[in-house]
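Colleague: For what it's worth, the numbering used here labels the leading residue of the sequence shown as 277, then goes sequentially.
Every residue, glycine too, gets a C-beta built ideally from N, C-alpha and C.
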Amino acid sequence: MTTKPTSPSTTPHSPEVRISVLIHRRLESTFLVAKCTGTLGQFRAPGGYLEYGETFLAAAERLTRKETGLEVHARRVAAVDGEVMGGLGREKHYVTIFVVCELQDEGDEPELCQVVELEECEGWEWRTWDQLRSEQEREIDMPLANLLDQNPSGEMFLRRSL
Numbered sequence: 277m278t279t280k281p282t283s284p285s286t287t288p289h290s291p292e293v294r295i296s297v298l299i300h301r302r303l304e305s306t307f308l309v310a311k312c313t314g315t316l317g318q319f320r321a322p323g324g325y326l327e328y329g330e331t332f333l334a335a336a337e338r339l340t341r342k343e344t345g346l347e348v349h350a351r352r353v354a355a356v357d358g359e360v361m362g363g364l365g366r367e368k369h370y371v372t373i374f375v376v377c378e379l380q381d382e383g384d385e386p387e388l389c390q391v392v393e394l395e396e397c398e399g400w401e402w403r404t405w406d407q408l409r410s411e412q413e414r415e416i417d418m419p420l421a422n423l424l425d426q427n428p429s430g431e432m433f434l435r436r437s438l
């Protein structure tokens, strides 16, 4: 007798797909990150959850607009990370899709960004890849820290997106 595979949507520990947006500001070679209070003061990229039927690129543009008020062009999926996070009995499996985006208007300033989730976000800052790597041990969320570990130079993110 064979067992019927369990559908991922009915499995209690099904992965959740998150989008993490790497907004590259070419003029200064910086990326936009949020300083978050809800995650013990960690920095994180804009992002959130993929909605049913949505493409990764469309999700990146929607989430950026929602969280920052900025308009971006999503260029490409750059990396994927998978992590099981949370305390014992509260673990969640996340798959994080990193999408590289560029500002529609390179002149947009971080001051124009709006803090939508006030209870979680203290504000937005532009950081270089090296600045993010220097803060990696103490203040970067896990998927972004993994990305920084796997790409020490950041070269694949710093070049002009296709």
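Just to confirm before moving on: does the CB-CB distance between D357 and P291 stay below 8 Å?
Modeller: The answer is no: Cβ separation not under 8 Å.
Colleague: So, with DSSP's three-state summary, where would you put E382?
Modeller: E382 falls in the coil class under three-state DSSP.
Colleague: Can you grab the Cα-Cα spacing for the pair M361 / R301, in whole Å?
Modeller: Their backbone Cα atoms lie some 30 Å apart in a straight line.
Colleague: Within 10 angstroms of its Cβ, does R366 collect 16 or more other Cβ (buried), or is it exposed?
Modeller: R366 comes out exposed.
Colleague: How would you label G323, buried or exposed, when you count the other beta carbons within 10 angstroms and need 16 or more for buried?
Modeller: G323 comes out buried.
Colleague: Should the segment 332-339 be regarded as contacting the segment 370-382, the criterion being three or more beta carbon pairs within less than 8 Å?
Modeller: They touch, by the three-pair rule.
Colleague: R320 to I299, Cα distance in whole Å?
Modeller: Answer to the nearest angstrom: the Cα atoms are 12 Å apart.
Colleague: Please give me, in chain order, every unbroken run of the beta strand (DSSP E) with length at least 3 that falls completely inside the segment 300-367.
Modeller: Entirely contained in the segment 300-367, the beta strand (DSSP E) runs reaching 3 residues are, in chain order, 306-312, 323-325, 348-361.
Colleague: Hey, how far is the Cα of Y328 from the Cα of L364?
Modeller: One C-alpha to the other measures close to 29 Å.
Colleague: If you reduce the DSSP assignment to three classes, tell me which class T292 lands in.
Modeller: Residue 292 is actually Glu in this sequence, not Thr. It is a strand residue.
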